[in-house]
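Here the structure is laid out as structure tokens; the discussion comes afterwards.
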Amino acid sequence: MTRTYIRRTGVVAALAASLVPLAACGGGGSNAIDEEVSSLTVMAPLLAGQAPAEDGQVQTAIEDFAGVELDIEWVPGANYPERLTTTLASGDIPALVVVENSKYPAFVQAAEAGAFWDLTDKLDDHPNLTPESEEVLRASAVNGTAYGVYLWRDPMRTAVTLRQDWLDNLGLEVPGTTEDLHEVARAFTEQDPDGNGQDDTYGLILPNWNRLGAGTPYDAIETWFGAPNGWGEVDGELVPSFTTDEFFEANRFLRGMVEEGLVNPDFATFDGANWNDPFTNGEGGIIIDTGSRAKGLLDLFRQSDPEDYGDYVTVTGNLTGPDGELHALPTPGHGGVLAISKTAVPTEEMLDRVLSILDDLSSQEGQTLMINGVEGTHFNEVDDYAEPIVESEADEVAQADLSSFGLLETASNGKLYHTKRPAGRPEQELVATLERLAADDLEQAVRNPALAYYSEVQAERGSQLELIITDARAKYLSGLISEDELRAEIDRWFAEGGQQIVDDINELHSQAS
Amino acid sequence: MSVIAPQKSTPVSRPSADATHTVRLRTRLMRYRWLYLMLLPGLVYFAVFKYAPMYGVTLAFKDYVPFLGWNESPWVGTEHFERLFTSPDFPRILGNTLFLAFLHIVIVFPAPIVVALMLNEVRRSILKRMIQTTIYIPHFLSWTIVASLTYLLFALGDGPVTVLAENLFGSSFAFLTDPEWFRPLIIFQTLWKTTGWGTIIYLAALAGVDASLYEAARIDGANRFQQMWHITLPAIRSTIVIMLILTSSNLMDTGFEQIYLMTNSLNRDVAEVFDTYVYFTGIAQGQYSYSTAIGLFKGVVGLILVFGTNWLAKRFKQSTLF
Amino acid sequence: MAVKKTTAASRAFDVLNVGALIGLAVVTVLPFLYVLAGSFATETEIDARPFFLWPREVVTDAYDFIFSTDAFVRSLVITIGVTAVGTVIQVMLTFTMAYPLAQKRLPGRRVVINLVVFTLVFGGGMIPTFLVVQSLGLLDSYWALILPMAINPFYLIIVKNFFQELPEELLEAARIDGCSEIGTFFRIVLPLSRPIVATFSLFYAVAIWNDYMSALLYIRDTSKWTLQMFVQQVTVSTDMSNTLGRIDANFVPPEQGVRFATIVLATLPIMLFYPFLQKHFAKGILIGSVKG
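Protein chains in written order, with our numbering: chain A, 1 to 513; chain B, 514 to 835; chain C, 836 to 1127.
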């Protein structure tokens, strides 16, 4: 039976194989060539609950300003990679594609195979596309080649959010050093900061968001202790942060806090999506994350206590390490790139036209329009801030649309739009504080030099190998393994392919410099 | 000899011996023309949507670059398979996958049969319908919801189930992170979510059992268990066998979402299976060819399981059919 | 059922049996009741209380939010339409293919069955299937949500198995009466198979209803989004501020109440479909009987 089966199936398989050329050549540019570029197809991730309507106020205003019609494919943000991959396979690639991870292998391979324009030498021809920071440009590029205009992001966002009322109750100051952090966490745990007479609080709320060099609280603490941000240069060689002494010192510190009970005991499983809950419920009092977290928390307190909500939340920036120096953890400074496809934009002339449209949209006027909206309709300018106008349901829709279009704004020439001015006084103070802290910390930012490099080995195996380190770190912090065992796991990382990554990155580094 | 024939096929009566082969074939085709016509739409479906994309399995032997397409992507032979089989993770992942598959066959597969038999014994039809409708509900809740409810109920320290267990046994439980508890939790979740829905197919088979058979059995003095054993169970036996064979085909599919959501740094050693591994390589690392190779390997194992179960079913039937 | 005397053992069996089943029903329904209660609760209550079946304060904010735009209703209407049309087509295709495959005398059926079994374990994968759908011009068409999964090989084999158990004498009688095979199928076989038709209508309907991946890959126009796309977009938590990466970006955590209400609204219509079908399950006596 089996033989018959194989023989007959074989015939069908051969038949199916003969269909291959047919099926594999799907697409290939259904976009008719439009020399004037009167319309642009765009693919972008959608984070809001609802996609902006094509004929919505915001899109119409942007189209009028740019002099081009936009045909935008909004893709559910959670599954963007799947759609990006099938779109690349179809050959029918929209003119503008948001690529959130500019080192995503399918994108890099496609770009190197000629799917997207190399913009490295073109950006400087357009004043508003000239990058503000060469370093961010390199970080967003693939080994020196820019396959897109990078999407500007705040370069410094790390912040420590604390319960102001708890600090006040205990007569404590906002921490300035990691040692202060330890003291405050201990006081929050042991000295009944909410004054209810019960031992029901702890200090630091840690989530299971456990990655390397991804802006997690673990990364922040390691950086504060002087460990590199992801990768660092030691004796002229680039090495991963977890090989340095400072990495171990930081984790010894954190393990001590776990042992003392100053951290939520379920940190290995605690979902970062619920990060706010213990803070607002009065279980934990410290969150190490971004400044936006503090603002979100303030919002939540306003709902439960509209009068005095400003008294619950305070924020500070990066903390000084045991060496007495401030090592601040920055972001990569970009949120991916906006790539221009060669299938939809086949000629240099069209490319120039598309770039000049993007140039317009990145001018001060363009940035303001994409992020703040139309002055007088969507916002009013108050002290250089943009105060949103929300009076009707249509205004709410417009604000939601603006948050989606904001994702498409490149602003790689630097931030020229207005920071949004929140409604209440405490929020306004918070935003001002965050801006000041970020500006100060940025001076002491610890850069990740490896961000510029795309290593094939790393792309293929990096995230699987990373699990060795992050799992071992979580086990070490939980007290399940010793420091020697943690070191043994790091050796395993090297043995199972990590060494190749190190070699690869260093080769790229020496070629670049 | 078909793959799924529950009974031995009865020999087709042969036309007279002097008829030539071609004539025979033509008359047979003519005789069955309506049946072939009915078969046609389905055949077209399988050709277009199942077999035309089947060239995709060859991507396991290429280094597929989505933009370049099938033609331009280079052949790499068995490189991806070598990488899979020599990967230090492979034995562990294979072990974890097979262990879960084993638990699935032994615990999850029989559960709906038992519940269907129990439901069949409920005499009041309103009560029966209400219970049926209720136990289908979990099928409609996504794994995300199931996982977040599990985290809630089994939380370290203050989860209701954790508190209950600690009061009963006097020791502390880390259900969510202790590797020992990972498989029990997964099986429990699967039972909870799929058992009710799984009864539907057996209840449909039971809908046809002739009520007079029970009447006759009662007159013969058979008790409830004997009735179940001699009437109900035989009536659904072939359905059970078919379901078993079909289930074995996708035993390697442990389900990505459920496992992924229950995995954490402390239990990954027992939690990682092919489906989560494929997620990290295929989606997070964007290696389409490598994940295709893993899919092909899973398919081969599935095929062996299907033929193996079918072979067993045949032997089993030969000895027990009468 | 007219039973003259029930023994004590039989009664004890009934009590235990029904008791166990009710216990099972309670365990399965509790979490859903929590979701239902949560959809009517305030955000503060959901955060503060780990598990509850009745909110302290009943609010409809979550539902107001969902119905504040027409996106939900639009996606619901689309999904009901696709599910209705899709179920009819898929059931028809599956049953018409299963019937000839159940005829043991049909030459060539073994090859077809083997080819079907092959697709249980091997598939072309996401990209090749996408390219086939694209080359057929089905992108952005509702047909892309129906045709690529028109026949589930799993179901096909089960239906074929059911057909094989139809009493042969019955089909012979129909043929002697002069029915063609197609006539026999539509006039005798299908009416006798009502529980099976009802069962697989339910299976197909629920599969289309819950399908997210097809819509994600094949539907690009956001005005054609299905219910599951809507649900996914609302319930999957995305930290907007992290992706926007701006100080003034508001980190608005997805409201639990809205997630719960979305789940309730997306689940109820298809759950209500079941009792409607249920009355067909008891009828159609002959399948699976006699031979066993």
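All C-beta atoms in this analysis are idealised placements derived from N, C-alpha and C, irrespective of residue type, glycine included.
Could you please give the first and the last residue of the uninterrupted alpha helix (DSSP H) stretch that includes residue i?
i: P697/B; result: 692 to 719
i: W74/A; result: Premise fails: W74/A lies in the beta strand (DSSP E), 69 to 76, not in any alpha helix (DSSP H).
i: E233/A; result: Where E233/A is concerned, there is no enclosing alpha helix (DSSP H), although the beta strand (DSSP E) it sits in stretches over 231 to 234.
Exposed or buried, which one is residue i when buried takes at least 16 other CB atoms within 10 Å?
i: F1131/C; result: Summary: the structure shown does not reach residue 1131/C, with chain C confined to residues 836 through 1127, and so no result is reported for it.
i: V676/B; result: exposed
i: D882/C; result: buried
i: L326/A; result: buried
i: D359/A; result: buried
i: T60/A; result: exposed
i: G26/A; result: Its pLDDT being 37, under 50, G26/A is placed unreliably in this model, and the coordinates cannot settle the point.
i: N584/B; result: exposed
i: I205/A; result: buried
i: E460/A; result: buried
i: S39/A; result: exposed
i: G324/A; result: exposed
i: L550/B; result: exposed
i: V174/A; result: exposed
i: Q925/C; result: buried
i: D471/A; result: buried
i: M932/C; result: buried
i: S30/A; result: In this predicted model, S30/A has a pLDDT of only 43, less than 50, meaning its place in the structure is not dependable enough to derive any value.
i: A843/C; result: exposed
i: G916/C; result: exposed
In whole angstroms, what separates the C-alpha of residue i from that of residue j?
i: L1005/C; j: E634/B; result: 30 Å
i: L467/A; j: S778/B; result: 8 Å
i: F682/B; j: G672/B; result: 15 Å
i: A185/A; j: P866/C; result: 36 Å
i: T690/B; j: V68/A; result: 54 Å
i: H593/B; j: T410/A; result: 38 Å
i: H645/B; j: L991/C; result: For the sequence presented, residue 645/B should be read as Gln rather than His. So the two alpha carbons sit approximately 24 Å from each other.
i: G28/A; j: P330/A; result: With a pLDDT of only 39 at G28/A, under the threshold of 50, the placement of this residue in the model should not be trusted; the figure read from the coordinates follows. Each residue's Cα considered, the two are about 41 Å apart.
i: V627/B; j: S403/A; result: 53 Å
i: A560/B; j: P988/C; result: 13 Å
i: G821/B; j: V947/C; result: 20 Å
i: L465/A; j: Q458/A; result: 9 Å
i: L1027/C; j: A720/B; result: 12 Å
i: Q164/A; j: G317/A; result: 15 Å
i: T201/A; j: K295/A; result: 22 Å
i: P105/A; j: V345/A; result: 22 Å
i: E1000/C; j: L1051/C; result: 40 Å
i: I993/C; j: A985/C; result: 15 Å
i: V894/C; j: G424/A; result: 26 Å
Quick one: measure Cβ to Cβ for residue i and residue j, integer angstroms, because I've assumed they're closer than 8 Å.
i: D76/A; j: T41/A; result: According to the sequence shown, residue 76/A is Pro rather than Asp. Going by Cβ atoms, the distance from P76/A to T41/A rounds to 18 Å, so no, they are not a contact pair.
i: V951/C; j: I1098/C; result: Contact flag wrong, Cβ pair sits at about 35 Å.
i: G272/A; j: N372/A; result: At roughly 29 Å, the Cβ-Cβ gap does not stay under 8 Å, so G272/A and N372/A are not in contact.
i: I806/B; j: L597/B; result: According to the sequence shown, residue 806/B is Ala rather than Ile. Going by Cβ atoms, the distance from A806/B to L597/B rounds to 6 Å, so yes, they are a contact pair.
i: Y1039/C; j: F998/C; result: No, Y1039/C and F998/C are not in contact; Cβ-Cβ is about 17 Å, not under 8 Å.
Starting from residue i, trace the beta strand (DSSP E) in both directions and tell me its first and last residue.
i: P240/A; result: 237 to 240
i: L162/A; result: 158 to 163
i: L204/A; result: 202 to 204
i: V337/A; result: 334 to 340
i: L289/A; result: What sits at residue 289/A in the sequence shown is Asp, not Leu. Unbroken beta strand (DSSP E) run through D289/A: 284 to 290.
i: T314/A; result: 313 to 316
If we cut at 8 Å on Cβ distances, does residue i have a partner in chain D?
i: I1105/C; result: The displayed structure is made up of protein chains A, B and C, and chain D is not among them.
Residue i: beta carbon under 7 Å from a heavy atom of the ligand GTP?
i: E460/A; result: As for the ligand GTP, it is missing from this structure, which has no ligand bound.
Open item on the list: Quick check on the DSSP output: what are the complete alpha helix (DSSP H) runs of length 4 or more inside the stretch 906 to 990 of chain C, in order along the chain?
Closed with: 906 to 937, 944 to 956, 961 to 970
Task: alpha helix (DSSP H) segments (min. 4 residues) lying fully within the stretch 452 to 491 of chain A - done: 456 to 478
Open item on the list: For a minimum of 3 consecutive residues, which ranges assigned as the beta strand (DSSP E) are wholly contained in the stretch 374 to 419 of chain A?
Closed with: Complete beta strand (DSSP E) runs here, min 3: 379 to 382, 385 to 388.
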